[in-house]
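With my numbering applied, the sequence shown covers 1 to 280. Reading through the structure tokens given below for one structure.
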Amino acid sequence: MTPQSAAALRCPVCQAPLMPLGTSLRCPQGHSYDVAKEGYVNLLPIQKRHAADPGDNKLMVRARRSFLGAGYYQPFQDALAELCLQYAPQEGCTHVVDAGCGEGSYDRAILDAFAAEGRPCVLAGFDLSRDAVRLAAKLSPEGAFAVGGSFCAPIRDGWADILVNVFSPFAREEFCRMLRPGGVLLYAVPTPRHLFELKEVLYAEPYENAGEQTEYEGFTRVGERTVTGSITVEGEQIRNLFAMTPYFWKTPVAGTKKLNELDTLTTETGFRFLIYRRQG
Numbered sequence: 001m002t003p004q005s006a007a008a009l010r011c012p013v014c015q016a017p018l019m020p021l022g023t024s025l026r027c028p029q030g031h032s033y034d035v036a037k038e039g040y041v042n043l044l045p046i047q048k049r050h051a052a053d054p055g056d057n058k059l060m061v062r063a064r065r066s067f068l069g070a071g072y073y074q075p076f077q078d079a080l081a082e083l084c085l086q087y088a089p090q091e092g093c094t095h096v097v098d099a100g101c102g103e104g105s106y107d108r109a110i111l112d113a114f115a116a117e118g119r120p121c122v123l124a125g126f127d128l129s130r131d132a133v134r135l136a137a138k139l140s141p142e143g144a145f146a147v148g149g150s151f152c153a154p155i156r157d158g159w160a161d162i163l164v165n166v167f168s169p170f171a172r173e174e175f176c177r178m179l180r181p182g183g184v185l186l187y188a189v190p191t192p193r194h195l196f197e198l199k200e201v202l203y204a205e206p207y208e209n210a211g212e213q214t215e216y217e218g219f220t221r222v223g224e225r226t227v228t229g230s231i232t233v234e235g236e237q238i239r240n241l242f243a244m245t246p247y248f249w250k251t252p253v254a255g256t257k258k259l260n261e262l263d264t265l266t267t268e269t270g271f272r273f274l275i276y277r278r279q280g
């Protein structure tokens with residue numbers, strides 16, 4: 001975390017800006033938050049912690065890092081980075097927020113894309129999972145990463161030029177608050193057939209993903225990009241793919257047993273990037 005990226009963050013108690021002070025962040029009211037040795041800070045209010053350790057657990061986080069690190073979703077990471085570049089301000093430094101950043105692989109792709117173009121970018125991300133945020137901060141030490149939730153986001157009002165949300169809850173009011181007027185929201189949702197063949201293994205009656213609502217108050221829809229493909233996953237990466245999906249929590253025992261018996265899985269993949277501009 002650098003002073004420039006830390007400037008994105010706000011105090012979860014009084015909502016005032018946070019500033020670095022030694023190994024902590026402090027607001028003008030004197031509220032102080034220690035920065036962990038990995039470079040992240042916990043800004044999730046106690047009353048918002050609905051579990052002792054909310055968010056994805058260490059198993060799920062490590063599975064996601066291994067799977068994404070193997071390149072299976074590289075086309076989606078590349079597409080997201082390209083869209084960030086496309087909708088970034090033409091001049092000055094671009095401020096990017098990742099709401100529900102997970103273990104940070106998408107953020108690394110975004111930062112690398114801006115660096116390759118010689119364009120300045122400051123990124124802040126947050127997630128409910130402390131294990132995920134810890135990995136994200138280590139992967140992109142120049143970013144500001146915090147434990148926090150989309151419905152109580154630890155980001156200053158109007159700081160973001162671009163807000164990224166990949167398969168995470170849609171917090172309309174907070175997204176509007178964090179984005180400057182005219183800022184852009186890149187909202188990634190699964191296509192109907194995303195991972196359908198995985199679901200054929202897990203469930204007796206596999207289902208397609210429902211279409212997402214595409215109009216939201218305070219935002220104007222300005223575009224969409226759909227990226228689809230097919231991946232063949234082998235061995236332990238099959239289990240990693242399973243562990244990083246919501247199906248991990250709601251699959252019958254018989255389905256899990258069938259999955260664990262697989263050596264190879266070929267499945268469709270697809271992301272819809274819905275693009276919105278903040279009104280006002």
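The beta carbon of each residue, even a glycine, is placed where N, CA and C say it ideally should be.
Check whether residue i and residue j have beta carbons under 9 Å apart
i	j	result
Val133	Tyr276	no
Gly100	Phe167	yes
Leu111	Asp56	no
Thr269	Thr228	yes
Thr226	Thr264	no
Tyr87	Leu21	no
Pro141	Met1	yes
Tyr353	Arg172	Residue 353 lies beyond the stretch modelled for the chain, which goes from 1 to 280, so this question has no answer here.
Pro12	Cys176	no
Glu212	Val189	yes
Leu85	Arg119	yes
Met60	Ala243	yes
Ala115	Ala36	no
Ala113	Gln237	no
Leu262	Thr251	no
Val253	Val222	no
For residue j and residue i, believed in contact at Cβ under 8 Å, the rounded distance
i	j	result
Ser66	Asn240	5 Å
Gly182	Leu44	Not quite, the Cβ-Cβ distance comes to about 29 Å (not below 8 Å), so this is no contact.
Ala16	Val122	No, Ala16 and Val122 are not in contact; Cβ-Cβ is about 20 Å, not under 8 Å.
Gly158	Gly143	19 Å between Cβ atoms; not a contact.
Asp131	Lys199	Actually they do not touch by this definition, with Cβ atoms about 26 Å apart.
Gly92	Leu135	With 8 Å as the limit, Gly92 and Leu135 do not qualify as a contact, their Cβ atoms being about 30 Å apart.
Leu202	Gly235	The Cβ separation is near 18 Å, so there is no contact.
Arg62	Gly102	Incorrect: roughly 12 Å between the Cβ atoms, too far for contact.
Thr191	Phe271	7 Å
Arg10	Pro154	6 Å
Leu274	Glu224	6 Å
Tyr106	Gln74	About 11 Å separates the two Cβ atoms, so there is no contact after all.
Local conformation of residue i per DSSP, three classes
i	result
Asp127	strand
Leu44	coil
Tyr207	coil
Arg172	helix
Tyr33	strand
Arg134	helix
N- and C-terminal bounds of the beta strand (DSSP E) containing residue i
i	result
Gly285	Here the chain has residues from 1 to 280 only, and residue 285 is not among them.
Asn165	Ala160 to Val166
Thr269	Thr264 to Arg278
Asp157	Premise fails: Asp157 is in no beta strand (DSSP E) and is neither H nor E.
Pro20	Met19 to Leu21
Phe242	Careful: Phe242 lies outside any beta strand (DSSP E), inside the alpha helix (DSSP H) at Glu236 to Ala243.
Ser24	Ser24 to Arg26
Extent of the continuous alpha helix (DSSP H) to which residue i belongs
i	result
Ile110	Ser105 to Ala116
Ser150	Looking at the DSSP string, Ser150 is not in any alpha helix (DSSP H), and its letter there is neither H nor E.
Leu198	Phe196 to Leu202
Ser5	Pro3 to Ala6
Arg64	Lys58 to Gly69
Ala99	It is not in any alpha helix (DSSP H) - Ala99 instead sits in the beta strand (DSSP E) that spans Thr94 to Ala99.
Arg328	Past the boundaries of the shown model lies residue 328; the chain is included only from 1 to 280, so the question cannot be answered.
Thr256	Val253 to Asn260
Tyr87	Gln74 to Tyr87
Tyr247	Tyr247 to Lys250
Distance cut-off 8 Å: residue i Cβ against heavy atoms of the ligand PLP
i	result
Pro75	Within the structure as shown, the ligand PLP is missing, as the structure has no ligands at all.
(Q) Check whether the segment 21-30 and the segment 159-171 are in contact - that is, three or more C-beta pairs closer than 8 Å. (A) no
Q) Okay, do the segment 238-252 and the segment 81-98 touch, 3+ Cβ pairs below 8 Å being the bar? A) No: fewer than three Cβ pairs fall under 8 Å.
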